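Here the protein sequences come in this chain order: A and B. Note that the working numbering has the first sequence beginning at 1, numbered continuously upward. Note that the working numbering has the second sequence beginning at 1, numbered continuously upward. Inspection log for the structure reproduced underneath, given as structure tokens.
Number of protein chains: 2
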Amino acid sequence: MPAIGPDDNVMVPAKIKGILAPVLTPFDQNAQPNVGRLVGHCKWLLENGCDGLVLFGTTSEANSLSVGERKRLAEQVVSAGISTRKLILGTGCCSLSDSIELTKQAIELGSAGALVLPPFYYKSVPDEGLFRYFGSLIDRVSDERLRLYLYHIPPVAQVGFSLPLVRKLTERYPGTVVGIKDSSGDWENTKALIASLGAHDFDVFPGNESYLLAALQVGAAGCISATANVAARPLQAVFQSWRAPGAKELQEAAGRVRIAFQKYPIIPGLKAVLAKALNDELWKSVLPPLLPLSSADSEKLFASLTETGFPWQQLSMR
Amino acid sequence: MPAIGPDDNVMVPAKIKGILAPVLTPFDQNAQPNVGRLVGHCKWLLENGCDGLVLFGTTSEANSLSVGERKRLAEQVVSAGISTRKLILGTGCCSLSDSIELTKQAIELGSAGALVLPPFYYKSVPDEGLFRYFGSLIDRVSDERLRLYLYHIPPVAQVGFSLPLVRKLTERYPGTVVGIKDSSGDWENTKALIASLGAHDFDVFPGNESYLLAALQVGAAGCISATANVAARPLQAVFQSWRAPGAKELQEAAGRVRIAFQKYPIIPGLKAVLAKALNDELWKSVLPPLLPLSSADSEKLFASLTETGFPWQQLSMR
Chain A
1 MPAIGPDDNV
11 MVPAKIKGIL
21 APVLTPFDQN
31 AQPNVGRLVG
41 HCKWLLENGC
51 DGLVLFGTTS
61 EANSLSVGER
71 KRLAEQVVSA
81 GISTRKLILG
91 TGCCSLSDSI
101 ELTKQAIELG
111 SAGALVLPPF
121 YYKSVPDEGL
131 FRYFGSLIDR
141 VSDERLRLYL
151 YHIPPVAQVG
161 FSLPLVRKLT
171 ERYPGTVVGI
181 KDSSGDWENT
191 KALIASLGAH
201 DFDVFPGNES
211 YLLAALQVGA
221 AGCISATANV
231 AARPLQAVFQ
241 SWRAPGAKEL
251 QEAAGRVRIA
261 FQKYPIIPGL
271 KAVLAKALND
281 ELWKSVLPPL
291 LPLSSADSEK
301 LFASLTETGF
311 PWQQLSMR
Chain B
1 MPAIGPDDNV
11 MVPAKIKGIL
21 APVLTPFDQN
31 AQPNVGRLVG
41 HCKWLLENGC
51 DGLVLFGTTS
61 EANSLSVGER
71 KRLAEQVVSA
81 GISTRKLILG
91 TGCCSLSDSI
101 ELTKQAIELG
111 SAGALVLPPF
121 YYKSVPDEGL
131 FRYFGSLIDR
141 VSDERLRLYL
151 YHIPPVAQVG
161 FSLPLVRKLT
171 ERYPGTVVGI
181 KDSSGDWENT
191 KALIASLGAH
201 DFDVFPGNES
211 YLLAALQVGA
221 AGCISATANV
231 AARPLQAVFQ
241 SWRAPGAKEL
251 QEAAGRVRIA
261 FQKYPIIPGL
271 KAVLAKALND
281 ELWKSVLPPL
291 LPLSSADSEK
301 LFASLTETGF
311 PWQQLSMR
């Protein structure tokens, strides 16, 4: 237990460990978020392998929503009874004012944390510029309940967190900058983050399960993976049993599901699978610039998934 | 004159041609836009070589502002008397709702057009996804006064407009999709755009002046360049005289100014020059993740500019 930190004085939910889904956002035909389906999906995820949820990650198409749309949706999800102790909210935007507004809301709602992208419009920005951005965010939010997770996803954002920057932020803001989602897809980077910071009550979550077992063995806090939207159970099995003899086989099973999804754009692919399993066409909808998966690719994806042995059709049991 | 188009029936300012500055946004110490300085700068630009202004381009740090901040600032600039006939507003965001809101405002204010970035969070998105994004934008704005300029800046946005996509958009929305700012820095691309679309009353503006003369010779509508914030006059000289015998020398003079700036980050560099020339420290301010230019680099930039022969100190005469 850390001896010093905001946790001692203010009410903040315990840090979430384990398997988290960056929750897909269902949309109506008119491109409006469908709250009912979203809440249903959140509940199902928490009952089917997820220890926690991230609302408004990349998989959620969060950056395709306005700040107002995100705030309303977060309120609606919490009002509908999804436990804020299980909820991390994505709050990072290009604009510092927007990130401040969303991060304040995440705290006010009593969520377990804020997952924050770096500002991603300008490229090749200096680490010092990112440090000032995050420093300004934390200073202007000015709330000791803030629990900030860094969102490192260079394949999409193109702007990321170097190891020295992560270290500088955790040293300057201990107890506030408490973890990272590492979606670099680079095992060496994840390993280096854990080795360098894992001992400081800093939680490292790989952004996918391809090396989940190896990461847990060296001290990862869990995993935040898009595929958890349909296949959290195989991930939870790895998380529960990583010290046990059969762990390698569990990792392989989870890995096969990942590989099936990786052949297609992941967000449309996950939505196609949900639409099929739930017999609910609406789940296919994505916001532009994304496109729904074609029928041909959907069929191929379903076949690949079936080959992995994962009972994806049982999603319909919700 | 085009025989068919929204221009015949509704009030829209004439299309701007020539030299446009993507206007720098001055900030106070508290990171708030400084309206007084912005309006002063706009007026000065229009009196010193600019045919028009783009509020909220990359150079304006527009994506570092919230939608609300942008809307307020646009209103304040127009209220202060900057002619909307001279004004194009940057309105493209990652979120379609945000782009719709800003584009509607650009029309309501009576501006000469909207310059729209593609949604830039997701990378490697299909052309069809971008086509649907712009189609939805135009259909949902649903206003025949809309005059939309595509903002192609792949070095920053990473997402851009292929030539087939530009052609498809202009064919589907003639009289609405009326031009492009091509900040690819790729002369071959600019040339291909003009060759393919220039005859269709479609205006191609190179995003910098490095090949302005060559572009004008094949039919470019002008140029929208960051450096116009301090050095519009040399660009205006090229624009006025591109058919004249001395055009090559004028282009070379403009090119030398560009080269001086290119050694440093362009936004902090331009602001350092304005701060120095106007003896106004506040102009140095940038929003994170950008950093102000260091004193050492500023001195080197000033020296390089002086070497070009461009009288940058005379900016103080405003």
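Where is the CB? At the ideal position from N, CA and C, for every residue including glycine. Values in this document were obtained by computation on a predicted structure and should not be read as measured data.
Could you name the residues of chain B that Lys123/A contacts, counting a contact when the two beta carbons are closer than 8 Å? Pro155, Val156, Gln158
Measure how close the beta-carbons of Leu150/A and Val125/A come, nearest whole angstrom, since I'm counting them as under 8 Å. Leu150/A to Val125/A, Cβ: 15 Å. No contact.
So, for Arg187/B: in the same chain, excluding its five sequence neighbours on each side, which residues have a beta-carbon less than 6 Å away from its beta-carbon? What sits at residue 187/B in the sequence shown is Trp, not Arg. Residues of the same chain with a CB within less than 6 Å of the CB of Trp187/B, apart from the 5 flanking positions on each side, are Tyr211 in chain order.
Partners in chain B for Arg132/A, counting only beta-carbon separations shorter than 8 Å: Pro288, Pro289, Leu291
Per DSSP, cross-strand counterpart(s) of Asp182/B: His152/B, Pro206/B
Sort Ala254/B, Arg37/B, Pro155/B by Cα distance to Ala231/B and report the nearest one. Ala254/B
So the beta strand (DSSP E) Pro268/B belongs to, where does it begin and stop? Pro268/B -> not in any beta strand (DSSP E); alpha helix (DSSP H) instead, spanning 266-278.
So Pro126/A contacts chain B; which residues on that side make the cut at Cβ distance below 7 Å? Think of a sphere of 7 Å around the beta carbon of Pro126/A: the chain B residues whose beta carbon falls inside it are Leu291, in chain order.
Between Ser97/A and chain B, is any beta-carbon pair separated by less than 7 Å? yes
Over the uninterrupted beta strand (DSSP E) stretch that includes Leu87/B, give me the two end residues. 87-90
When you compare each of Leu290/B, Leu305/B, Ser294/B to Phe131/A by their alpha carbons, which one comes out closest? Leu290/B
Is Asp127/A helix, strand or coil when you go by DSSP? helix
For Ser60/A, which of Glu69/A, Ser184/A, Val23/A has the nearest alpha-carbon? Val23/A
Count the other C-beta atoms from every protein chain shown that fall within 10 angstroms of the C-beta of Thr306/B, then say buried if there are 16 or more, exposed otherwise. exposed
CB-CB length for Thr227/B against Arg258/B, believed under 8 Å: 6 Å
CA-to-CA distance, Ala112/B to Met11/B, given in whole angstroms: 10 Å
Can you pull the chain A neighbours of Glu69/B, defined as C-beta to C-beta under 8 Å? Ser95, Ser97
Proximal residues to Ala14/B (C-beta, below 8 Å), its chain only, five neighbours per side dropped: Arg85, Ala112
Can the beta-carbon of Gly18/A be found closer than 7 Å to that of Asp51/A? Using a Cβ distance threshold of 7 Å, Gly18/A and Asp51/A count as a contacting pair.
Please report the residue range of the beta strand (DSSP E) in which Cys223/A lies. 222-224
For Ser298/B, which residues of its own chain have a beta-carbon under 6 Å away from its beta-carbon, when the five flanking residues on both sides are left out? Excluding residues within five positions, the ones whose Cβ falls inside 6 Å are Ala272.
Hey, is the segment 179-186 of chain A in contact with the segment 130-144 of chain A, meaning 3+ C-beta pairs nearer than 8 Å? no
Contact set between Phe261/A and chain B, taken where Cβ atoms lie within less than 7 Å: Neighbours of Phe261/A across chain B, judged by C-beta separation under 7 Å, do not exist; the nearest C-beta is about 16 Å away.
Look up Phe27/A in the DSSP assignment and give the residues it is bridged to. Residue pairing by DSSP puts Phe27/A in a beta bridge opposite Pro33/A.
Members of the segment 99-119 of chain B that neighbour chain A once the beta carbon cut-off is set at 8 Å: When CB distances to chain A are screened at a threshold of 8 Å, the residues of the segment 99-119 of chain B falling below it are Glu101, Pro118, Pro119, in chain order.
Where Gly219/B sits in the DSSP three-state scheme: coil
Look up Ile19/B in the DSSP assignment and give the residues it is bridged to. Partner(s): Cys223/B.
Taking the alpha-carbon positions, what's the Leu293/A to Gln217/B distance? Taking the straight line joining both Cα atoms gives about 45 Å.
Contact set for Gly160/A: own chain, Cβ-Cβ below 8 Å, skip 5 residues either direction: Pro118, His152, Ile153, Pro154, Ser184
Answer with yes or no whether the minimum CB distance from Gly129/B to chain A is below 7 Å. yes
Within 7 Å of any Cβ in chain B, is that where the Cβ of Asn63/A sits? yes
Got a sec? Which residues, its chain only, sit under 6 Å from Ser203/A by beta carbon, not counting five neighbours each side? First, the amino acid is wrong: residue 203/A is Asp here, not Ser. For Asp203/A, same chain residues with a beta-carbon under 6 Å away, outside a window of 5 residues either side, are Gly179, Ala221 in chain order.
Can you tell which of Ala260/A, Phe120/A, Leu55/A has the C-alpha that lies nearest to the C-alpha of Thr58/B? Phe120/A
Can you list, in chain order, the residues of its chain whose CB lies under 8 Å from that of Asp387/B, leaving out five sequence neighbours each side? Outside the modelled stretch of chain B, which goes from 1 to 318, sits residue 387/B, for which no answer is possible.
Of the choices Ala215/B, Pro174/B, Glu209/B, Asn208/B, whose alpha-carbon is the least far from that of Ile194/B? Ala215/B
Measuring from the CB of Phe120/A, is there a heavy atom of the ligand NAD at a distance below 6 Å? This structure does not include the ligand NAD; it has no bound ligands of any sort.
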